[in-house]
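Asks: Just so you know, the UniProt record's numbering puts 76 at position 76 of the sequence shown, and the rest follows in order with no gaps.
Where a beta carbon is used, it is the ideal one built from N, C-alpha and C, also for glycine.
Mind looking over this structure? Questions follow.
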Amino acid sequence: MTAPPPTPPASGRGVRVALASATTALTPVSATPRLDAELLMAHALGVSRETLLLQRLDSPTPHSFGPLLARRLAHEPIAYITGSRAFWTIELAVGPGVLVPRADSETLIEAAVEHFGKGNPKTILDLGTGPGTLLLAALDQWPGATGLGVDASPEALAYAERNRLALGLGARASLQRGDWGEGVSGAFDLILSNPPYIGTGEELPAEVRDHEPGAALFAGSDGLDDYRRIAPQLPRLLAPGGAAILEIGATQAAAVTALLEAQSLAVALRHDLGGRPRALIATRSSELVTRRS
Ligand SMILES: C[S@@+](CC[C@H](N)C(=O)[O-])C[C@H]1O[C@@H](n2cnc3c(N)ncnc32)[C@H](O)[C@@H]1O
1 MTAPPPTPPA
11 SGRGVRVALA
21 SATTALTPVS
31 ATPRLDAELL
41 MAHALGVSRE
51 TLLLQRLDSP
61 TPHSFGPLLA
71 RRLAHEPIAY
81 ITGSRAFWTI
91 ELAVGPGVLV
101 PRADSETLIE
111 AAVEHFGKGN
121 PKTILDLGTG
131 PGTLLLAALD
141 QWPGATGLGV
151 DASPEALAYA
161 ERNRLALGLG
171 ARASLQRGDW
181 GEGVSGAFDL
191 ILSNPPYIGT
201 GEELPAEVRD
211 HEPGAALFAG
221 SDGLDDYRRI
231 APQLPRLLAP
241 GGAAILEIGA
251 TQAAAVTALL
261 EAQSLAVALR
271 HDLGGRPRAL
281 IATRSSELVT
291 RRS
């Protein structure tokens, strides 16, 4: 049986005191208790976190803070409670039914920026776009580009649609419900994908396991099922000179590299800011040979 969530501290005090006691209450639940408390308080007050810290620490605590805190104490992801998550240069609406974008996935955009250097990808494909995370960040990065986001989940696509319009990217971003690259026509300069890659038996924190969609997380017993589906589609979808950048789990670099090399792709590994293997950059082997010769 799951233990009931701790009772949130009573409201009616100033923000400064409420933040301190919320931080204490959140410590067993979150790795970032103070940050979570600040984000919830800023959301309750309807101000940015910066404004909260600079101008509102002596304000009375709004009544809405208690219920928000109670949700976080019950392990609900903070981004579902506030309804948004910052990613790269953009802010994305998120909620139940869609994966919360992770900061580590910004490694894929960094890798793309480095790969293209002063050049610009003109066409971008995001396989498993979720709330539009990689597609919309890449389109914000390259204002001359257009792109397509594909996802199998109608809930995810509803968030992607909302984000595409809210970010003013409606004219450059299209969305399609589909099964990876099946039914996608054309070839793309940049293919991005953060597919599900968790093995079905793996332990996950309660806030992920109990709240985020399993279809965005799990990919068979070894977590590789979706790479097995995606890899054979890449040669057809990759434009000459293009790159496919895939997120991977920390232990999957060798296995996914083998799947990509079996498709005659050359593969480079990129680590995230924590030093863990995070992304593979795949290009056509023939182009690598041409560039080197
Ligand atoms: C790990 S989430 C990544 C979401 C987003 N790209 C991000 O990085 O925040 C994987 C996404 O793949 C989608 N997905 C799962 N199976 C799929 C399939 N067969 N075809 C297309 N998308 C799929 C899920 O719905 C989910 O949105």
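Can at least three beta-carbon pairs, one atom from the stretch 85–96 and one from the stretch 146–154, be found at a separation below 8 Å?
Replies: No, they do not touch.
Asks: Measure from the alpha carbon of Thr23 to the alpha carbon of each residue in Ala70, Arg162, Val256 and Leu134, then state which is nearest.
Replies: Of the listed residues, the one whose Cα sits closest to Thr23 is Ala70.
Asks: Tell me the DSSP bridge mates of Thr283?
Replies: According to DSSP, Thr283 bridges with Ala266.
Asks: Skipping 5 residues on each side, what residues in its chain have a beta carbon closer than 7 Å to that of Gly170?
Replies: So the list reads Arg164, once near-sequence residues are dropped.
Asks: By Cβ distance below 6 Å, which residues in the same chain neighbour Val289 in space, the five residues on each side in sequence not counted?
Replies: Residue confidence is low: Val289 scores 46 on pLDDT, short of 50, so the model does not pin down where it sits. No coordinate-derived value is stated.
Asks: Quick one, which of Leu190, Pro195 and Leu139 has its alpha-carbon nearest Gly168's?
Replies: The option with the nearest alpha carbon to Gly168 is Leu139.
Asks: Buried or exposed for Thr283, going by 16 or more other Cβ atoms inside 10 Å?
Replies: Buried, because 16 or more other Cβ atoms sit within 10 Å of the Cβ of Thr283.
Asks: Could you give the DSSP three-state label for Gly66: helix, strand or coil?
Replies: DSSP places Gly66 in helix when its eight states are reduced to three.
Asks: For Met1, which three-state DSSP category applies?
Replies: Only weak support exists for where Met1 lies, its pLDDT of 43 falling under 50; the value from the coordinates is given anyway. The answer is coil: DSSP assigns Met1 none of H, G, I, E or B.
Asks: Hey, how far is the Cα of Met1 from the Cα of Val267?
Replies: The predicted position of Met1 is uncertain, since its pLDDT is 43 and thus under 50; a value taken from the coordinates is nonetheless stated next. Their Cα atoms are separated by approximately 46 Å.
Asks: Please say whether Asp226 and Ala219 have beta carbons closer to each other than 8 Å?
Replies: In contact: Ala219 and Asp226 (Cβ atoms closer than 8 Å).
Asks: Quick one: grab the DSSP three-state call for Glu50.
Replies: Note: Glu50 maps to helix in three-state DSSP.
Asks: Taking only runs that begin and end inside the UniProt domain "Methyltransferase small" (113–197), name each unbroken alpha helix (DSSP H) of 4 or more residues, in chain order.
Replies: The UniProt domain "Methyltransferase small" (113–197) contains these whole alpha helix (DSSP H) runs: 133–141 and 154–166.
Asks: Please work out which residues of its chain come closer than 7 Å, Cβ to Cβ, to Pro62, disregarding the five sequence neighbours upstream and downstream, and give them in chain order.
Replies: Same-chain partners within the cutoff: Ala44 and Leu45.
Asks: Go ahead and pull the three-state DSSP assignment for Gly214.
Replies: Gly214 falls in the helix class under three-state DSSP.
Asks: Is it right to say Gly130 is buried, meaning 16 or more other beta carbons lie within 10 angstroms of its own, or is it exposed?
Replies: Buried is the call here.
Asks: Are the CB atoms of Pro77 and Glu287 within a distance shorter than 8 Å?
Replies: No, the Cβ-Cβ distance between Glu287 and Pro77 is not below 8 Å.
Asks: For chain D, check one thing: does any of its Cβ atoms lie closer than 8 Å to the Cβ of Ile81?
Replies: Any reference to chain D falls outside this structure, which holds one protein chain only.
Asks: Using 7 Å as the cut-off, classify the Cβ of Ser153 as near or not near the heavy atoms of ligand 1, replying yes or no.
Replies: Indeed, a heavy atom of ligand 1 lies less than 7 Å from the Cβ.
Asks: Check whether the stretch 186–205 and the stretch 154–164 touch, using three or more Cβ-Cβ pairs below 8 Å as the test.
Replies: The stretch 186–205 vs the stretch 154–164: no contact.
Asks: Which whole-angstrom value is the C-beta distance of Ser193 and Leu280, which I expect to be below 8 Å?
Replies: Not quite, the Cβ-Cβ distance comes to about 10 Å (not below 8 Å), so this is no contact.
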